[in-house]
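Asker:
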Amino acid sequence: AQSVSQHNHHVILSEAASLELGCNYSYGGTVNLFWYVQYPGQHLQLLLKYFSGDPLVKGIKGFEAEFIKSKFSFNLRKPSVQWSDTAEYFCAVNAPNDYKLSFGAGTTVTVRA
Amino acid sequence: GAVVSQHPSRVICKSGTSVKIECRSLDFQATTMFWYRQFPKQSLMLMATSNEGSKATYEQGVEKDKFLINHASLTLSTLTVTSAHPEDSSFYICSATALGLAGADTQYFGPGTRLTVL
């Protein structure tokens, strides 16, 4: 079974600051990696995903993530955040063809105007 | 595309009653649906996996007789919380995935159902 750890519980930033959220997973085999976002009062939305290929993945809303296999990491980044990026961010992992997702505990991001 | 809906969005019930939550895939056929539970400020915990036409697979610690799951069609799965108690109060979220859909390993989430048991 996979486990996922997100290093930051709560991150507070000012608008235009850069954001990086850490995600590490433990699993010995090939994995699919996901970042989901949950805006206040809304459902989980997929930000980006990595299955294979280029380890630098670009998602929606200016987010990107880099898969570093040697570090078992899949950190999420955004160069310049906006107030509307205030949300809960979840990293998730599954094995190929095993639809069951393992989620990290989530990171609350608060962007101050 | 890949929209998942849940109904109701919010339900309040008395202790001892049963509550049914519906999860529908609106624009695709969901071969597999998942039910999660989310406590405040915590991550999603998988409760069970259901495949169309077969019995659900429950995660360890989840009572299958308490949380009845039915996946009768490729677009509908239901979760029934039987004899609900206050400790069952939570946010229940479903997700769906499908073979043939681009990115079949990706789950699409519903908006969730807030259950409050008095």
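Protein chains in written order, with this note's numbering: chain A, 1 to 113; chain B, 1 to 118.
All C-beta atoms in this analysis are idealised placements derived from N, C-alpha and C, irrespective of residue type, glycine included.
Check whether the Cβ of B/V117 sits closer than 7 Å to any heavy atom of the ligand NAD, and report yes or no.
Answerer: The model on display carries no ligand, and the ligand NAD is accordingly not part of it.
Asker: Quick one: which residues of the region 87-100 of chain A get their C-beta closer than 8 Å to a C-beta of chain B? List them in chain order.
Answerer: Within the region 87-100 of chain A, the qualifying residues are F90, N94, P96, N97, Y99, K100.
Asker: For A/N24, which residues in the same chain have their Cβ closer than 7 Å to its Cβ, ignoring the five residues on either side in sequence?
Answerer: Excluding positions up to five away in sequence, the list reads S5, F72, S73.
Asker: Using the beta-carbon count (16 or more within 10 Å), is A/A87 buried or exposed?
Answerer: When all chains shown are included, A/A87 counts as buried.
Asker: Could you tell me whether the region 72-80 of chain B touches the region 39-51 of chain A, where touching means 3 or more Cβ pairs closer than 8 Å?
Answerer: The region 72-80 of chain B is not in contact with the region 39-51 of chain A.
Asker: Among all the DSSP beta bridges, which residues are the ones paired with A/W83?
Answerer: BP columns for A/W83 are empty, so no partner.
Asker: Check each residue of the region 42-62 of chain A: if its Cβ is closer than 8 Å to any Cβ of chain B, include it; give the result in chain order.
Answerer: Taking 8 Å as the Cβ-Cβ cut-off against chain B, the residues of the region 42-62 of chain A that qualify are Q42, H43, L44, Q45, L46, K49, F51.
Asker: What residues from the region 11-35 of chain A come within 7 Å of chain B, judged by C-beta to C-beta, listed N to C?
Answerer: Answer set for the region 11-35 of chain A: N32.
Asker: In chain order, which continuous runs of the beta strand (DSSP E) of length 3 or greater are located wholly inside the region 9-52 of chain B?
Answerer: Runs of the beta strand (DSSP E) inside the region 9-52 of chain B: 10-13, 19-25, 32-38, 44-51.
Asker: From the beta carbon of B/S18, is the nearest beta carbon of chain A less than 8 Å away?
Answerer: No, B/S18 lies away from the interface with chain A (no Cβ there is under 8 Å from its Cβ).
Asker: Could one say the Cβ of A/F74 lies closer than 8 Å to chain B's Cβ atoms, at least one of them?
Answerer: No, because no Cβ of chain B sits closer than 8 Å to the Cβ of A/F74.
Asker: B/S5 to B/V11, Cα distance in whole Å?
Answerer: Cα to Cα, B/S5 sits roughly 15 Å from B/V11.
Asker: Roughly how many angstroms lie between the CA atoms of B/S90 and B/H71, to the nearest whole one?
Answerer: B/S90 and B/H71: Cα-Cα distance of roughly 22 Å.
Asker: Does A/F103 come within less than 8 Å of chain B when only Cβ atoms are used?
Answerer: A/F103 counts as touching chain B.
Asker: Hey, how far is the Cα of A/G29 from the Cα of A/S102?
Answerer: So the alpha carbons of these two residues sit roughly 14 Å apart.
Asker: Whole angstroms is fine: what's the gap from B/L26's alpha carbon to B/S95's?
Answerer: Roughly 12 Å separates the two Cα atoms.
Asker: Give me the Cα-Cα distance between A/A113 and B/I21, rounded to the nearest whole angstrom.
Answerer: Roughly 38 Å between the two C-alpha positions.
Asker: How long is the line joining the alpha carbons of B/G112 and B/Y92, rounded to whole angstroms?
Answerer: Straight-line Cα distance between these residues: approximately 5 Å.
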